[in-house]
Ligand SMILES: [Zn+2]
């Protein structure tokens, strides 16, 4: 199972159960609601349904058969499938995958009978490419994702070959290219499948547009929440989302002028005025972040300074529960700069700064001296400086180092609550679990005298 999927799922679950909550403040708490998510059929109009579940599926009925958008979460969409079988007015004629994430395409094998009966599979032409980027480094990603989702992401090695939803290279499908929408008519309903350039959470994000009812199915075009500052470069690790392409995709949505956005992970978004204003806000927030970052780079500012300084103006404030403006700044800097930072020619080589941490600890007079100095920073409300010292002291994690580290990360968690960024808070909490476990192990060792 994938870490980010879990996140998305949790959010969508919580969204259903907790409409009264604010999007901005409660993102991490929503995770707790996942387990109670149940499948349900939510009508959008008299022939379009959202089938809620761990990964939403959309059903569009026509007189000549039905169309599905996405296929549900691998291994966990049986209830949704049963609801669709009941509600579909005819055979499934097309299955459109919005992108290659497990909560959207994971359930594809369960629809094999429909493919056998002639259903057409429709994807972005970059689907297979994005699938490779996720499948080939899977063991690496699992170790990373396990940090954020220790109970949900298994470290067991993959068995049975590539995951079926990432293994569609040989499968017959219609691939849609940017600039060449796939238009079809079924039972008198017009469908337009649009493949933006790098428009979604991955490069393979695809949109379905129903021009007559003006419903736009967006998959994860906006990310998990709506509206939100986009997660341009996830900390979990996935190819970055180009901010300029994101802006183009927002302009495409504005041009279509939908009345309804059938968004995968949150409530259905309705009202053309609200959609126009919120999409403009997301577009302009990214444009602002881009402009400020590029200007700062031209002026010779460092990436760290820009991450600390750039903030959205009041009129462009958006939820940072999933994406984060400072990480957007870093993304832009990384896209423009590449991997070499010009800070030290040592960074052209493989030996990290931490290679001499043990020397620094010894020269400082031991790890506890560093912990004491870190505590001074902490007392002055500078937890990040404290953390840098404690990172050096980590080569010799004494109880004092670990206790100061826990106090430091506590302060960071407290500061992070304001934005409610799921990944930030999750990673800080994982750090706390690890320090506490080390501290427990040390005290047990002390008790037994071993
Ligand atoms: Zn998703």
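Residue numbers (this note's numbering): 1 to 450.
All C-beta atoms in this analysis are idealised placements derived from N, C-alpha and C, irrespective of residue type, glycine included.
Next item on the list: Entirely within the stretch 347-428 and at least 4 residues each: give me those alpha helix (DSSP H) ranges in chain order.
Entry: Listed in chain order, the alpha helix (DSSP H) elements of length 4 or more contained wholly in the stretch 347-428 are 357-364, 367-379, 383-393, 399-416.
Item checked: For residue 39, the three-state DSSP class (helix, strand or coil) -> The three-state secondary structure of residue 39, taken from DSSP, is coil.
Next item on the list: Would you mind sorting residue 160 into buried or exposed? The rule is 16 or more other CB atoms within 10 Å of its CB.
Entry: Residue burial annotation: residue 160 is exposed, with fewer than 16 other C-beta atoms found within 10 angstroms of its C-beta.
Next item on the list: Measure from the alpha carbon of residue 485 to the alpha carbon of each residue in 233, 224, 196, 188, then state which is nearest.
Entry: With the chain represented from 1 up to 450, any question about residue 485 goes unanswered, as that position is not in the structure.
Check: For residue 198, does the count of other Cβ atoms within 10 angstroms reach 16, so buried, or fall short, so exposed?
Finding: Within 10 angstroms of the beta-carbon of residue 198 lie 16 or more other beta-carbons, which makes it buried.
Notebook entry, point to check: Taking the alpha helix (DSSP H) that residue 302 falls in, what are its first and last residues?
Noted result: Looking at the DSSP string, residue 302 is not in any alpha helix (DSSP H), and its letter there is neither H nor E.
Item checked: Neighbourhood of residue 43 by C-beta distance below 7 Å, restricted to the same chain and skipping five residues each side -> Excluding residues within five positions, the ones whose Cβ falls inside 7 Å are 49.
Notebook entry, point to check: Is any heavy atom in ligand 1 found nearer than 7 Å to the beta carbon of residue 220?
Noted result: With a cutoff of 7 Å, residue 220 counts as near ligand 1, since its C-beta is closer than that to a heavy atom of the ligand.
Note to self: Quick check on the DSSP output: the alpha helix (DSSP H) that includes residue 141 runs from which residue to which?
What the structure shows: Per DSSP, residue 141 belongs to the alpha helix (DSSP H) from 138-148.
Next item on the list: With a threshold of 16 other CB atoms inside 10 Å of the CB of residue 258, please say whether the residue is buried or exposed.
Entry: Buried, because 16 or more other Cβ atoms sit within 10 Å of the Cβ of residue 258.
Checklist line | Proximity below 8 Å, CB of residue 293 to CB of residue 339 | finding: In this structure, residue 339 does not lie closer than 8 Å to residue 293 by Cβ.
Checklist line | Through-space distance from residue 238 to residue 76, alpha-carbon basis | finding: Cα-Cα distance, rounded: 24 Å.
Next item on the list: Using 7 Å as the cut-off, classify the Cβ of residue 204 as near or not near the heavy atoms of ligand 1, replying yes or no.
Entry: Flag unset: Cβ of residue 204 not near ligand 1.
Check: DSSP state of residue 240, grouped into three classes?
Finding: It is coil, neither helix nor strand.
Next item on the list: Have a look at residue 155 and residue 149 and give me their C-alpha separation to the nearest angstrom.
Entry: Looking at the two C-alpha atoms, the distance is approximately 11 Å.
Margin query: With a threshold of 8 Å between beta-carbons, can residue 414 be considered close to chain C, or not?
Written below: The chain labelled as chain C is not found in the depicted structure, where only one protein chain is given.
Note to self: I want to check one thing, is the minimum distance from the CB of residue 245 to the heavy atoms of ligand 1 below 7 Å?
What the structure shows: Outside the cutoff, so no.
Next item on the list: Compute the Euclidean distance between the alpha carbons of residue 46 and residue 286, then round it to the nearest angstrom.
Entry: Approximately 36 Å, taken between the alpha carbons.
Check: Helix, strand or coil: which one does DSSP assign to residue 274?
Finding: Correct three-state label for residue 274: helix.
Item checked: Straight-line gap, residue 132 to residue 437 (C-alpha atoms, nearest Å) -> So the two alpha carbons sit approximately 36 Å from each other.
Next item on the list: Given a cut-off of 8 Å, decide if residue 96 and residue 206 are closer than it, judged by their beta-carbon atoms.
Entry: Cβ distance < 8 Å, so residue 206 and residue 96 count as in contact.
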